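Worksheet for the structure shown next.
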Amino acid sequence: MVTINWRKRPAEYLEVWQAMQAFTEARDGQTPDEIWLVEHRPVYTLGQAGRPEHILHCGSIPVVQSNRGGQVTYHGPGQVLAYCLIDLRRLGIYAKEYVELLENGVIGVLKELGLTQACRKSGAPGVYVPVRDEARVALTSSLVPWGGGDPEHEDDLAKIAALGIKIRHGCAYHGVALNVAMDLSPFLGINPCGYEGLRTVDLQTCGISIPLEQAGDLLALRLSQAFEGYSEGRRIM
Numbered sequence: 001m002v003t004i005n006w007r008k009r010p011a012e013y014l015e016v017w018q019a020m021q022a023f024t025e026a027r028d029g030q031t032p033d034e035i036w037l038v039e040h041r042p043v044y045t046l047g048q049a050g051r052p053e054h055i056l057h058c059g060s061i062p063v064v065q066s067n068r069g070g071q072v073t074y075h076g077p078g079q080v081l082a083y084c085l086i087d088l089r090r091l092g093i094y095a096k097e098y099v100e101l102l103e104n105g106v107i108g109v110l111k112e113l114g115l116t117q118a119c120r121k122s123g124a125p126g127v128y129v130p131v132r133d134e135a136r137v138a139l140t141s142s143l144v145p146w147g148g149g150d151p152e153h154e155d156d157l158a159k160i161a162a163l164g165i166k167i168r169h170g171c172a173y174h175g176v177a178l179n180v181a182m183d184l185s186p187f188l189g190i191n192p193c194g195y196e197g198l199r200t201v202d203l204q205t206c207g208i209s210i211p212l213e214q215a216g217d218l219l220a221l222r223l224s225q226a227f228e229g230y231s232e233g234r235r236i237m
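Listed below in structure tokens is the structure:
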């Protein structure tokens, strides 16, 4: 059984990160897995592979060096994070398969919401959606019509969800961030996930209006069902 709970909003990144570390250090083989749903105050985070030169101009937004995998990303209001505190040994799952599970969870939610072409991108963890050619120059505008791009051509893809994990003693923490309805302009201050010019979108820009709480609940439910499916020897997505 996976426990799901919303953290106090908006949350400071450092406080939640430290709480995840403490939970992971204290847990044992009987500790139930948890999913924490979080909306952060504005922050840039550098993962273990992060390079400072990928922060182009941070302005007044703080930068935190994190121990998660990956490079640089932005968290802020209008984005929901599903921090998954999961005993991978108990599930019998390895890191690569776990990352795919997280990505598939997001893809399942997006397809449920009507973004049927949501997909992965080879060599670039996260979840992406196709974007029309005429929308390429106005990525921060909520008036841009999305859809109709070709998921087979990776240049037509924009990122809607990022992920990064940390595994300690066989237990994972950190998780996945889904852009719901946010100010996307801070992404212009970085090379998102280390990729120059990577386009970033949210559900609102894709024409989907949904409360942050509902998006988070859908994501957590989908992920918890997937985790519980593994624990029962079956796979649910």
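Residue 55 in our numbering sits at position 55 of the sequence shown, and the numbers go up by one each step. Each residue gets a CB set at the ideal place from its N, CA and C atoms; glycine is no exception. Note that the structure is a prediction, hence the values are computed from the model and not measured.
Rounded C-alpha distance that separates residue i from residue j
i	j	result
R168	Y98	14 Å
V144	A26	With a pLDDT of 37 at V144, under the threshold of 50, the predicted position of this residue should be treated as unreliable, and no value is reported.
E238	S66	What the structure shows of the chain is the stretch from 1 to 237, and residue 238 is not part of that stretch, so it cannot be assessed.
P77	I4	20 Å
V129	L88	29 Å
Q18	E112	33 Å
H75	I165	15 Å
Q204	I210	8 Å
A162	A177	5 Å
L139	D217	Reliability of the predicted coordinates at L139 is poor, the pLDDT of 43 falling under 50, and no value is obtained from them.
L56	R199	15 Å
I61	L221	31 Å
P125	L81	16 Å
L157	E15	33 Å
V106	L46	22 Å
L184	C193	15 Å
Buried versus exposed, by CB contacts within 10 Å (16 or more), residue i
i	result
A22	exposed
V64	exposed
E196	exposed
E103	buried
P42	buried
M182	buried
T116	exposed
P52	exposed
G108	buried
M1	exposed
K244	Shown here, the chain extends from 1 to 237; a query on residue 244 therefore has no answer.
D33	buried
Q71	buried
D28	exposed
Any non-hydrogen atom of the ligand NAD within 6 Å of residue i CB
i	result
T24	In the structure on display, the ligand NAD does not appear, and there are no ligands present to speak of.
Beta bridge counterpart(s) of residue i as assigned by DSSP
i	result
Q79	N179
H174	I165
N5	W36
A11	H40
Y128	C119 and K159
Residue i at chain B interface by Cβ criterion, 7 Å
i	result
L184	Here there is only one protein chain, and chain B is not present.
- Message: Which complete alpha helix (DSSP H) runs does the region 43-120 hold, if anything under 4 residues is left out?
- Response: 88-91 and 95-112
- Task: For the region 195-220, list the alpha helix (DSSP H) runs that are entirely contained and at least 4 residues long, ordered along the chain.
- Result: none
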